[in-house]
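The structure appears below as C-alpha cells.
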Amino acid sequence: MSEISTKPYMLRAIYEWCTDSGYTPYLAVKVDSRTTVPMEYVKKGEIVLNISFGATSGLKMDNDAVRFNARFGGVSREIYVPVDNVMAIYANENGQGMAFEPVLGNDDPDAQPTDSPASADLPPPALAPVSSAPTLSSVPTSSPEQRDNATPGDDEPPKKGGRPTLTRIK
Numbered sequence: 117m118s119e120i121s122t123k124p125y126m127l128r129a130i131y132e133w134c135t136d137s138g139y140t141p142y143l144a145v146k147v148d149s150r151t152t153v154p155m156e157y158v159k160k161g162e163i164v165l166n167i168s169f170g171a172t173s174g175l176k177m178d179n180d181a182v183r184f185n186a187r188f189g190g191v192s193r194e195i196y197v198p199v200d201n202v203m204a205i206y207a208n209e210n211g212q213g214m215a216f217e218p219v220l221g222n223d224d225p226d227a228q229p230t231d232s233p234a235s236a237d238l239p240p241p242a243l244a245p246v247s248s249a250p251t252l253s254s255v256p257t258s259s260p261e262q263r264d265n266a267t268p269g270d271d272e273p274p275k276k277g278g279r280p281t282l283t284r285i286k
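Quick look at the structure:
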C-alpha cells in the first residue's frame, strides 16, 4: 500500500490557519495541461490565486485537487488545480505559509517527484534525510552595507505597507 501524501493535509491546515487569523490565503501554482486556470493571468508558467472565502465559491480542497469558482475580470471561471502543482500556500498579509516542490505530470520530463514541504516556522525533524528542496527564508529589506552604516535611531522596525512577496530560494 502506498503512503498517502501529507501535502493536501498541510494545504488545508494552512488555509484554516489563515482564515482563523483573519489573513487572506493565496496559492502559488505551477501551470501545466492538467491545470484549469485563466491562461491570460499566467506568468512564466505560474499563477497566484486568492482562495479566501470572499474570493471563491464552492471551494473544495480534496486529497487530489483544489477546485473552486472565482471571478476574473467580472467573469466567473471554474478553477481546477492538482495538489501536485501547488508550489505554496501563504497569508498575503505577512507571507507566512508553506512552500512545496511541485510534482508535475508528463508535461515536464525533468520533474522529480517529491513531497517535502519546507516551512519558514518549523525546523526539519532531527531524523529526516537532508533534502535539496527549496525553503522559505526571510529576505532583508536593506543591503548589509546599509545596516552596517546605520546611525543611532535607525533601529526602528520597518514600516508596514506594500505587498508581501514569497521568495523561492533554490
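Using this note's numbering, the letters of the sequence shown correspond one by one to residues 117 to 286.
By construction, the Cβ of each residue, glycine as well, lies at the ideal position given by its N, Cα and C atoms.
Because the structure is a prediction, the values reported are computed rather than measured.
- Following the DSSP letters along the chain, one finds Glu132 in no beta strand (DSSP E) but inside the alpha helix (DSSP H) bounded by residues 123–136.
- Spanning the alpha carbons of Tyr196 and Gly213 requires a straight line of approximately 21 Å.
- At a cut-off of 3 residues, the continuous stretches assigned as beta strand (DSSP E) that sit fully inside the segment 136–177 are 141–146, 162–166, 172–177.
- Partner residues in the beta bridge of Glu194, as assigned by DSSP, are Asn185.
- A direct Cα-Cα distance of roughly 21 Å separates Cys134 from Lys146.
- Residue burial annotation: Glu194 is exposed, with fewer than 16 other C-beta atoms found within 10 angstroms of its C-beta.
- The DSSP-derived three-state label of Asp200 is helix.
- The distance from the Cβ of Pro218 to that of Thr151 is about 10 Å, inconsistent with a contact at the 8 Å cut-off.
- When rounded, the separation of the alpha-carbon atoms in Gly211 and Ser168 is 15 Å.
- Taking a contact as a CB-CB distance under 8 Å, the pair Ala207 and Thr140 counts as one, their CB atoms being some 7 Å apart.
- Straight-line spacing of the CA atoms in Gly170 and Lys176 works out to 14 Å.
- Out of Asn179, Asp180, Thr172, Asn201, the CA that lies nearest to the CA of Arg187 is found in Thr172.
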